[in-house]
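Following the working numbering, the numbering of the sequence shown begins with 1 at its first residue and continues without gaps. Note that the Cβ used here is the ideal one computed from N, Cα and C, for glycine as well. In what follows, a single structure is set out as structure tokens and then discussed.
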Amino acid sequence: MSFIKKLGTITAAVSVAALMAAGAADAKNFKIAVGDSAGSAQEALGIAFVKALEEKSGGEHTATLFLNGQLGSEQDTVNEAAIGTLDMSLLAINNITPFSPSVGVFTLPYVILSLEDAEKLTQGPIGQELVENTIRDAGVRIIGWTYTGFRRLTNSKKPVSSVADLQDLIIRVPKNEIMIETYKSWGINPTPMAWSETFTGLQTKVVDGQDNPYLTINAMKFYEVQNHVTNLRYIFSIEPLIISEAVFQDLSEEEQQMILEAGQEATLASAQFLRDSEAAIKEELTAKGMEIIDPENDEAEFIELATGAVWPQFYDSIGGVEKLNAVLEAIGRDPVQQ
Ligand code: MLT
């Protein structure tokens, strides 16, 4: 082979290697903090997101789930994503509210009354407005929505079917003002505690009870330390997948599009996961020894106390009563009269 030909072959080989190296350097493996354990709705959404991202990027990009609060408490992960030291986090919306109060409209008691309400709100213009508010307020972008079901009350002491039954119980709540005020409207002073400390708090009986959806109660093995469940429906738990806005803005337009589309696919998969699994998981909890009861009078007293006392306290932080009314209207409910 002539010197020139040889040189050509070497140059071509070097350029392919350089291209491959550049491709490899661009390949991303996003770190996703997940508050809950294996088997949770958060994990199911996370798995669907990773699969969709790998498919859309032809295998170039992926993401790894760090389950069970390994990367910190849910509220801490918002701070870390905001400064760009963490790529993504999957966490309950009530743990985002302290950083972006307008998302509190989804945590107000007895506003969201079904999975269909939750889907309509999160996937419509109201959800989009909250995505933008959260970027502005907290430096994180919501790219997917996990639907986990209603938060049910559990405790280790006794059956609770009325507000009166609650009175001598110590209940853990997230560090979320709306949830704290909701329990106060029912006459008790709850104990705010990080999610990552909750199982131990229940196990050591620092607290008697807590609330979370069936899927979460099961995935977190709360049946090992709690035996009574009350079918409250005061909050429908929505658990967003967030990405650091700094990380998002560093991506190419094409990569951003892939991330958004993967988030959308994962959102749809999450709704299906809840539809497919909630009834069976409720039965599983009974089989594991939990006694599940309904609140008396169709929850009327809980509803009246919470909506009457709590909604007006948070009109300002959610952006005005008109924001609540827009939500109510979007799900076909009557507005609050002013
Ligand atoms: C909480 O109670 O803090 C959250 O619902 C935890 C979760 O992410 O499931």
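Q.
Can you tell me where the alpha helix (DSSP H) holding Gly308 begins and where it ends?
A. 300-313
Q: Kindly indicate which three-state DSSP category Met290 falls into: helix, strand or coil?
A: coil
Q.
In the DSSP output, what is Glu60 paired with across the bridge?
A. DSSP, once it has assigned bridges, lists no residue as partnering Glu60.
**Q.** Close beta carbons around Gly39, own chain, < 6 Å, minus the five adjacent residues each side
**A.** Ala219
Q.
In whole angstroms, give me the CA-to-CA distance for Asp76 and Gln249.
A. 21 Å
Q) Going by other Cβ atoms of all chains shown within 10 Å of its Cβ, with 16 needed for buried, is Pro340 buried or exposed? A) Since the displayed the chain opens at 1 and closes at 338, residue 340 lies outside it and no answer follows.
Q.
Shorter than 8 Å, the distance from the beta carbon of Gln210 to the closest heavy atom of ligand 1, or not?
A. yes
Q: Flag Ser40 as yes when its Cβ comes closer than 8 Å to any non-hydrogen atom of ligand 1, and as no otherwise.
A: yes
Q: Give the range of the alpha helix (DSSP H) segment to which Met179 is assigned.
A: Per DSSP, Met179 belongs to the alpha helix (DSSP H) from 177-185.
(Q) So, under 8 Å CB-CB, Leu65 and Val34 are touching, yes? Tell me the CB distance rounded to an integer number of Å. (A) Sure, about 5 Å apart at Cβ, within 8 Å.
Q) For the alpha helix (DSSP H) that contains Ile235, what are its first and last residues? A) Premise fails: Ile235 is in no alpha helix (DSSP H) and is neither H nor E.
(Q) Can you find the residues in the same chain that come closer than 8 Å, C-beta to C-beta, to Ile171, ignoring five residues on each side of it along the sequence? (A) Leu153, Asn155, Tyr183, Ile188, Pro190, Thr191, Val207, Asp208, Gly209, Gln210, Asp211
Q. Going by the C-beta, is Arg151 closer than 8 Å to any heavy atom of ligand 1?
A. yes
Q) Is Asn94 near ligand 1, with its Cβ less than 8 Å from a heavy atom? A) yes
Q | Pick from Pro109, Ala27, Val327 that is closest to Phe302, judged by C-alpha positions | A | Pro109
Q) Should Ala27 and His61 be called a contact, given that it needs their Cβ atoms to be closer than 9 Å? A) yes
Q | Spatial neighbours of Gly201 in its chain, beta-carbon cut-off 6 Å, leaving aside the 5 residues before and after | A | Excluding positions up to five away in sequence, the list reads Arg172, Met193, Val207.
(Q) Please report the straight-line C-alpha distance between Ile93 and Pro240, rounded to a whole angstrom. (A) 6 Å
Q | Residue of Thr85, Lys175, Thr198 minimising C-alpha distance to Asn68 | A | Thr198
Q.
Please identify the residue among Ile178, Asn95, Ala164, Ala306 whose C-alpha is closest to the C-alpha of Ile238.
A. Asn95
Q: Compute the Euclidean distance between the alpha carbons of Ile318 and Leu324, then round it to the nearest angstrom.
A: 8 Å
Q | Nearest-angstrom beta carbon gap, Leu86 and Ala330 [assumed within contact, 8 Å] | A | That belief does not hold up - the Cβ atoms of Ala330 and Leu86 are roughly 32 Å apart, past 8 Å.
Q) Between Ser100 and the rest of its own chain, which residues show a CB-CB distance below 6 Å, the 5 nearest in sequence each way excluded? A) Asn133, Thr134, Asp137, Ala138
**Q.** Cβ-based neighbour list, Arg233, same chain, cut-off 6 Å, excluding 5 preceding and 5 following
**A.** Phe150
Q) Of all the alpha helix (DSSP H) runs that stay within the bounds of the stretch 55-133, which reach a length of 4 or more residues? A) Entirely contained in the stretch 55-133, the alpha helix (DSSP H) runs reaching 4 residues are, in chain order, 74-83, 115-123.
Q) Nearest-angstrom Cα distance between Lys288 and Gln313? A) 39 Å
Q.
Let me confirm a value: Gly127 is counted as buried when at least 16 other C-beta atoms fall within 10 Å, else exposed. Which label applies?
A. buried
(Q) Let me check you understand the geometry: is the CB of Ser339 closer than 8 Å to at least one non-hydrogen atom of ligand 1? (A) Outside the shown range of the chain, which is 1 to 338, sits residue 339, and nothing can be said about it.
Q.
Mapping the DSSP letters down to three states, classify Gln210 as helix, strand or coil.
A. strand
Q) So what's Gly46 in DSSP terms, helix, strand or just coil? A) helix
Q. Does DSSP put Arg151 in a helix, a strand or coil?
A. In this structure, DSSP gives Arg151 a state outside helix and strand, which the three-state scheme calls coil.
Q: Please check the pair Leu274 and Tyr147, which I expect to be a contact at CB under 8 Å, by giving their CB distance rounded to whole angstroms.
A: 5 Å
Q: Using only alpha-carbon positions, find the residue among Glu322, Asp316, Ala269 that is nearest to Ala44.
A: Ala269
**Q.** Separation of Leu166 from Trp72, as counted between CA atoms
**A.** In the sequence on display, residue 72 carries Gly and not Trp. Answer to the nearest angstrom: the Cα atoms are 31 Å apart.
Q: Taking only the alpha-carbon atoms, compute the straight-line gap between Asp346 and Gly58 and give it to the nearest angstrom.
A: Because the chain spans 1 through 338 in this model, residue 346 falls outside it and cannot be assessed.
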